[in-house]
Amino acid sequence: MKVAVIMGSVSDWPTMKLSTEVLTELGVEFTKHVISAHRMPTELQTFGLSARDNGYHVIIAGAGGAAHLPGMLAANTTLPVIGVPVQSKALSGLDSLLSIVQMPAGIPVATVAIGSAGAKNAALLAAQIGATTDEQLAGRLATFRQRQTTSAIESEALLDD
Ligand code: RP5
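Going by the working numbering, the first residue of the sequence shown is number 1, and it counts up by one from there.
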């Protein structure tokens with residue numbers, strides 16, 4: 001499978017890099033792009049309209065503030081779009097969350113949590129979508145889950161007396 005990781009600004013990269021790290025860990029092919037909904041509207045439309053023909057299966061789109069990027073990409077493709085609300089300075093990402101999650105019926109965006117947890121989960125969700133038709137990827141996801149569980153169990157040893 002191939003995933004597009006798109007962000008509205010280079011300032012979103014510290015958050016969206018976490019998505020790419022998870023995709024790398026799971027062996028999922030991806031490309032990364034800065035496409036601003038407001039500063040690059042023509043490029044956004046071109047990317048959305050051609051995404052399926054360009055071999056993508058899922059789009060992860062992160063943006064902050066007036067975060068119209070995921071919704072406008074979703075308006076231009078029938079590929080699944082996962083929206084990551086980037087934590088904004090002014091309103092701590094609540095603005096990003098509300099502008100991404102409140103899509104009108106007919107144009108869905110799968111919205112994850114604000115910030116780093118959301119960026120990581122967006123990548124996991126994209127991989128899980130791919131794993132519906134890719135047994136090897138499903139196996140890597142199972143290994144990821146098992147490692148996470150083992151680490152959580154072992155973390156008890158870190159508790160002080
Ligand atoms: C959004 O505006 C971007 O996604 C970013 O989160 C926010 C601020 O962008 P910059 O002014 O830092 O480029 O479009």
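Glycine included, C-beta positions come from ideal geometry on N, C-alpha and C.
Neighbourhood of residue i by C-beta distance below 6 Å, restricted to the same chain and skipping five residues each side
| i | result |
| --- | --- |
| D161 | none |
8 Å CB neighbourhood of residue i in its chain, flanking five on each side removed
| i | result |
| --- | --- |
| V101 | G83, P85, V109 and T111 |
| L141 | L26, L124, A127, Q128 and A131 |
Residue interval of the alpha helix (DSSP H) (run including residue i)
| i | result |
| --- | --- |
| E156 | It is not in any alpha helix (DSSP H) - E156 carries neither H nor E in the DSSP assignment. |
| V22 | W13 to E25 |
| S36 | Careful: S36 lies outside any alpha helix (DSSP H) and carries neither H nor E. |
Buried/exposed call for residue i, threshold 16 Cβ in 10 Å
| i | result |
| --- | --- |
| N121 | buried |
| A4 | buried |
| I153 | exposed |
Host beta strand (DSSP E) of residue i (start-end)
| i | result |
| --- | --- |
| H57 | From DSSP, H57 is part of no beta strand (DSSP E); its letter is neither H nor E. |
| M7 | K2 to M7 |
Interface flag, residue i vs chain D, CB-CB below 9 Å
| i | result |
| --- | --- |
| I59 | No chain D is present in this structure, which holds just one protein chain. |
Enumerate, from N- to C-terminal direction, the unbroken alpha helix (DSSP H) stretches of 4 or more residues contained entirely within the stretch 64-135. 69-75, 94-101 and 116-130
Contact between the stretch 125-136 and the stretch 18-29 (3+ Cβ pairs under 8 Å): yes
Does the stretch 3-23 come close enough to the stretch 63-82 to have 3 or more Cβ pairs within less than 8 Å? yes
Is it a yes or a no for the stretch 88-100 touching the stretch 39-56, going by three-plus beta-carbon pairs under 8 Å? no
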